[in-house]
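Trainee:
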Amino acid sequence: MQVDYSAKSVTISVGELADFRTGPGQRLQRRPGRWRTQVGIEWHQEQEKESRQSGEKGRYEVPLKVNWPYKGWLFNIQGRIDQWIEQKHDVLIREIKTTSHELPAETDELVNVYKSYFSQLGTYLALLRQKSEENLNFTGELLFINIYDGIRQHISDDQHCIDLFNTQLEILWSFLENQKKRQKTFKSQTPIIAYQSLREGQETIQESLSKATDTSPIVLFQAPTGFGKTGVALEYSLNQVIQGNYQRILYLTSKGSGQTQVMEQLNQMLPKDAGLSSLQIRNKDELCGSPRCICNPEDLRLRVGDRWKNCGLSPYSFLESPTNQPNRFRETGERESICPYELMRATMPYAELWVADVNYLFSPQNRSLFFQQPGFDLSKSLLILDEAHNLPSRVADVFSYQVSHDVVEQLHAELQFANGHPAIRKALEQWLDLLEKIEPSEGLEDYVNYDARDCAETLAAALQHHPLNSKLLPEETLMAIWELSDTNLFFRLEYLERLVWSSKAGLLDLSCLDAPTEIGSILQQSPQVIAMSATLEPQPYFLKQFGLLESKSKPAWVEASTPWRNKAYDSAVDVRVDTRYMSRDRHALTTVETLAHCVQSSSKPVVSFFPSYKYAKTIQKTFENKFPHLTLRLQDRGGSPEQHAQFIEDTLGEADLIFLILGSAFAEGIDHLGGKIDLAVIVGPALPEVNALQKKRMRARKDLGQDAAFKEVYQIPGMQKINQALGRLVRGPGQTARILFHCSRFAQKSYQSLLLADFQTEARIAVTSDLHSWLNQS
Ligand code: SF4
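Under the working numbering, the first residue of the sequence shown carries the number 1140, and numbering increases by one thereafter.
Now the structure itself:
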């Protein structure tokens, strides 16, 4: 459906109009497969043959296109009529519908289950009766055919069908009118302002963003943590919607914790009467609270139907305030026995701003949530990517899979028990044969690659041609089989940078290393992208990762001005130690003593960042043996954003020394350290672990030469983690931090130049007395 609100016109297909609904609908989780389409096509052909043989004077697959004016709107409705049978006194419009429903059935029952089929027929009849120039008389018939036994049932009820068409038209019209009215309200809205008093450096940022968006559809916006880029980007984009330049804003984050801050920011800046609404999109597991969403489609909570209307729920009630929305869906869902995810899904069309995970746009398996929403059009949406430096790895994860022998064996057993189709069972057996032979390897033989591709294709083809027995198989099994068939995508998308390897016996790792083509193609579908982060340098590296290196329009660059950060950091490089894997044990004692000196010289806790948990643990042990009187706390693994924040709050009050891991949520996800510490130690560059994936990346870049490839694969990602962590230590005017880079590698130009300008330094600690003087200088 395409809507032009200013011209008040809609282009829509007969099927879309008949299916159009607001409010929660049947969940589209199961994939019917191509076999179902094929069965439908065969019955259509069979029925056409029968019609011809019986001597009916017919035309088949007749295209129809009609402009239908309705209450000030123009509906351009298009469709294809199955059969047009000329009879003595009239023309019979016959729509053929294949079903697995037992026939014959009560008409009311069929109307109840297949309302949209009746509405489709009604649409054709109404359009033809209006269009007919030759005063033809049209009547209609729905012909249901059971796909298993071929039993047929003819139903004719023209008036009821036309009534359904009129109802659908009215529903769509109300929706469009409502949206149009809302757009009018925004237009009279005074411009939205994020910050009542501007911080030094923020005064000109809206102007810079406007200029940049005038010159390029893709803007890279680099601003340090604490600058207020969330508010700045929201202010710019909400005002764009008010001015009618875009229909919707997609604010996509790569970490769930970031979304809460966005909703809080919106709560502060959106006036209550703004007329603009924002919605936080969460997944089923998070909304429902069940460990994994496994509802059977028959579950009552999904059979929402008229309960949405009857229980008086309005989508706007969920949108009243941007905060606490997931809880509102959860509580209402529980109270009304409606799936909370369905409630959220039904609310989406009424919000102009969606705050969601990047997966909903970049994952082919998840993006239907956006694209099936009435009125959603990416080409009319402004896209904001928060923490955009994480996007390449998130998208690569979307296209990566693990296939385990144990899991496939379990699926096969369940399929056998449910008497699943032999072709699907055979496809799983083919996977098992391959997986049995898999031994750990960083690069499997080529034949494994080909065999795996074959297995993936065979299973996908089997599922396209034969149904899964959804009555006998648990929902989790159905989903797992479909997910296994998704591995076909890994092999089909030749442009992905991929590696087939094995991290343990019986386990096949299908790893996507980078997906720039995929990212670039999505970004270019939006008329305006603002990709923002504290670390988007080196620019050519990110442009390559975003698939924009060859892009026709050069992305525009906006850099926030933050005069208050000038001289906020004081750094030095400790060249006494080498923290490379082979040498770090030799220097462990120096590391421990350095940390103790730091603790003694600081009145606040000292934070030390490590490249890995293992390294941090080793140093922790030595430190605690040597300095038992000092309190050291090492971050936990995992945990929720709330637990992370609690850990930092607790340890800041009790510890002398806090160990955090670079790249973890503690180093990148929480912003509670700003102003609370004044000394941080970075123990070595956080280069990615040397493993099969990095080796493959190095091989793929051999044309660049060893140094350039090493820089792309190891140094840039490693130093980016450091830039991210350090950026969070100074979040506002007046805050300062001292940084000790504890490894001689930081003095090398190739590492030093990858630090953001604020952190670069020429100061060196060559002997212990240098450390004392650096620590003691005020
Ligand atoms: S009710 Fe819960 S478990 Fe069922 S479909 Fe909805 S989110 Fe999933």
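Glycine included, each C-beta is placed from N, C-alpha and C at the ideal position.
Do you know offhand how far R1506's Cα is from Y1499's?
Mentor: Taking the sequence shown and counting its residues from 1, one reaches residue 1506 at position 367. Taking the sequence shown and counting its residues from 1, one reaches residue 1499 at position 360. Whole-angstrom Cα-Cα distance: 5 Å.
Trainee: Tell me whether G1472 counts as near the ligand SF4, meaning its Cβ is closer than 8 Å to at least one heavy atom of that ligand.
Mentor: One-based indexing of the sequence shown puts residue 1472 at position 333. G1472 Cβ: within cutoff of the ligand SF4.
Trainee: Output the distance between the C-alpha atoms of K1147 and K1210, rounded to the nearest integer angstrom.
Mentor: Translated into positions along the sequence shown, residue 1147 becomes position 8. Translated into positions along the sequence shown, residue 1210 becomes position 71. A direct Cα-Cα distance of roughly 10 Å separates K1147 from K1210.
Trainee: If you run the structure through DSSP and keep just helix, strand and coil, what is L1208?
Mentor: By 1-based counting over the sequence shown, the position of residue 1208 is 69. Note that residue 1208 is Pro in the sequence shown, not Leu. Under the three-state reduction of DSSP output, P1208 falls in the strand class.
Trainee: Taking only the alpha-carbon atoms, compute the straight-line gap between W1207 and N1215 and give it to the nearest angstrom.
Mentor: In the sequence shown, residue 1207 corresponds to position 68, counting from 1. In the sequence shown, residue 1215 corresponds to position 76, counting from 1. Going by the C-alpha atoms only, they are around 6 Å apart.
Trainee: Can you find the residues in the same chain that come closer than 8 Å, C-beta to C-beta, to I1855, ignoring five residues on each side of it along the sequence?
Mentor: The count along the sequence shown starts at 1 and reaches residue 1855 at position 716. Within its own chain, the residues whose Cβ lies closer than 8 Å to the Cβ of I1855, once the five positions on either side in sequence are excluded, are P1677, Y1680, L1893, listed in chain order.
Trainee: Give the DSSP bridge partners of Y1390, in chain order.
Mentor: Start at 1 with the first residue of the sequence shown, and residue 1390 comes out as number 251. In the DSSP output, where bridge partners are listed per residue, Y1390 has V1494, I1523.
Trainee: Have a look at S1722 and F1629 and give me their C-alpha separation to the nearest angstrom.
Mentor: Counting from 1 along the sequence shown, the entry for residue 1722 is found at position 583. Counting from 1 along the sequence shown, the entry for residue 1629 is found at position 490. For the pair S1722 and F1629, the Cα-to-Cα distance works out to about 39 Å.
Trainee: Mapping DSSP to helix, strand and coil, what is F1748?
Mentor: Within the sequence shown, the letter at position 609 stands for residue 1748. F1748 falls in the strand class under three-state DSSP.
Trainee: Where does P1780 sit, in a helix, a strand or coil, going by DSSP?
Mentor: Counting from 1 along the sequence shown, the entry for residue 1780 is found at position 641. It is helical.
Trainee: According to DSSP, simplified to helix, strand and coil, what is K1236?
Mentor: Here residue 1236 refers to the residue found at position 97 when the sequence shown is read from its first residue. Collapsing the DSSP output to three states places K1236 in a strand.
Trainee: By DSSP, does F1277 sit in helix, in strand, or in coil?
Mentor: If you number the sequence shown from 1, residue 1277 lands on position 138. In the structure shown, F1277 sits in a strand (DSSP, three-state: E or B).
Trainee: Do F1880 and I1821 have their beta-carbon atoms positioned less than 9 Å apart in this structure?
Mentor: As a first step, residue 1821 must be located in the sequence shown, where it is residue number 682. As a first step, residue 1880 must be located in the sequence shown, where it is residue number 741. Yes.
Trainee: Rounded to whole angstroms, what is the Cα-Cα separation between D1229 and N1276?
Mentor: What you label residue 1229 is simply residue 90 of the sequence shown in a count that begins at 1. What you label residue 1276 is simply residue 137 of the sequence shown in a count that begins at 1. Rounded to the nearest angstrom, the two C-alpha atoms are 5 Å apart.
Trainee: Under 8 Å, with one C-beta from each stretch per pair, do the stretch 1551 to 1561 and the stretch 1608 to 1621 reach the 3-pair mark?
Mentor: yes
Trainee: I believe A1654 touches V1534 by the beta-carbon criterion, under 8 Å. Please report the beta-carbon distance rounded to the nearest angstrom.
Mentor: For this step, residue 1654 is matched to residue 515 along the sequence shown. For this step, residue 1534 is matched to residue 395 along the sequence shown. Correct: roughly 5 Å between the Cβ atoms.
Trainee: For P1479, is the beta carbon positioned less than 8 Å from some heavy atom of the ligand GDP?
Mentor: This structure simply doesn't include the ligand GDP; it includes the ligand SF4 instead.
Trainee: So, are the CB atoms of S1417 and P1461 less than 9 Å apart?
Mentor: Position 278 of the sequence shown, counted from the start, is the residue given in the question as residue 1417. Position 322 of the sequence shown, counted from the start, is the residue given in the question as residue 1461. Contact flag set, yes.
Trainee: Please state the DSSP three-state secondary structure of C1594.
Mentor: For the purposes of this step, residue 1594 is identified with residue 455 of the sequence shown, where counting begins at 1. Helix.
Trainee: Quick check: does the Cβ of L1452 come within less than 8 Å of any heavy atom belonging to the ligand SF4?
Mentor: Taking the sequence shown and counting its residues from 1, one reaches residue 1452 at position 313. Every heavy atom of the ligand SF4 is 8 Å or more from the Cβ of L1452, so no.
Trainee: Just checking, does the stretch 1869 to 1885 make contact with the stretch 1699 to 1714 on the three C-beta pairs under 8 Å criterion?
Mentor: yes
Trainee: So W1913 is in the alpha helix (DSSP H); what residue range does that whole segment cover?
Mentor: Along the sequence shown, read from residue 1 onward, the residue named residue 1913 stands at position 774. Start and end: 1907 to 1915.
Trainee: According to DSSP, is V1829 part of a helix, a strand, or is it coil?
Mentor: The residue labelled residue 1829 in the question sits at position 690 within the sequence shown. In the structure shown, the three-state DSSP call for V1829 is coil.
Trainee: Can you look up E1901 in the DSSP assignment and give me helix, strand or coil?
Mentor: Here residue 1901 refers to the residue found at position 762 of the sequence shown. E1901 carries a coil assignment under DSSP once its states are collapsed to helix, strand and coil.
Trainee: Take the Cβ of N1251 as the centre, count every other Cβ of all protein chains shown within 10 Å, and call the residue buried at 16 or more, exposed below.
Mentor: Taking the first residue of the sequence shown as position 1, residue 1251 is located at position 112. The residue in question, N1251, is exposed, as its Cβ has fewer than 16 Cβ neighbours within 10 Å.
Trainee: According to DSSP, what are the bridge partners of C1651?
Mentor: Taking the sequence shown and counting its residues from 1, one reaches residue 1651 at position 512. Bridge partners of C1651: R1637.
Trainee: Taking the alpha-carbon of K1411 as reference, which of C1478, T1329, E1425, E1481 has the nearest alpha-carbon?
Mentor: Indexing the sequence shown from 1 puts residue 1411 at position 272. Out of C1478, T1329, E1425, E1481, T1329 has the C-alpha closest to the C-alpha of K1411.
Trainee: Can you tell me where the beta strand (DSSP E) with D1713 in it begins and where it stops?
Mentor: Locating residue 1713 in the sequence shown gives position 574, where the first residue counts as 1. Unbroken beta strand (DSSP E) run through D1713: 1708 to 1713.
Trainee: Could you check what DSSP says for A1695 in three-state terms: helix, strand or coil?
Mentor: As a first step, residue 1695 must be located in the sequence shown, where it is residue number 556. Looking at A1695 - three-state DSSP - the assignment turns out to be strand.
Trainee: Would you decide whether K1888 is buried or exposed? Buried here means 16 or more other CB atoms lie within 10 Å of its CB.
Mentor: Within the sequence shown, numbered from 1, the residue matching residue 1888 stands at position 749. K1888 comes out exposed.
Trainee: For the pair the stretch 1261 to 1275 and the stretch 1226 to 1242, tell me if three or more CB-CB distances fall below 8 Å.
Mentor: yes
Trainee: Could I get the ranges of all uninterrupted beta strand (DSSP E) runs contained in the stretch 1447 to 1518, with 3 residues as the minimum, in chain order?
Mentor: 1492 to 1496
Trainee: Let me make sure I understand the geometry here. Which of Q1863, T1907, I1284 has the alpha-carbon closest to that of D1897?
Mentor: In the sequence shown, counting from the first residue as 1, residue 1897 sits at position 758. It is Q1863 whose Cα lies nearest to the Cα of D1897.
Trainee: R1772 lies in the beta strand (DSSP E); which residues open and close that run?
Mentor: Here the question's residue 1772 lines up with position 633 in the sequence shown. Looking at the DSSP string, the run of the beta strand (DSSP E) that includes R1772 is 1771 to 1773.
Trainee: Is it the case that the Cβ atoms of P1531 and T1161 are separated by a distance below 9 Å?
Mentor: Start at 1 with the first residue of the sequence shown, and residue 1531 comes out as number 392. Start at 1 with the first residue of the sequence shown, and residue 1161 comes out as number 22. Their beta carbons are not under 9 Å apart, which means P1531 does not touch T1161 by this criterion.
Trainee: Rounded to a whole number of angstroms, what is the C-alpha to C-alpha distance between N1915 and L1796?
Mentor: As a first step, residue 1915 must be located in the sequence shown, where it is residue number 776. As a first step, residue 1796 must be located in the sequence shown, where it is residue number 657. About 18 Å.
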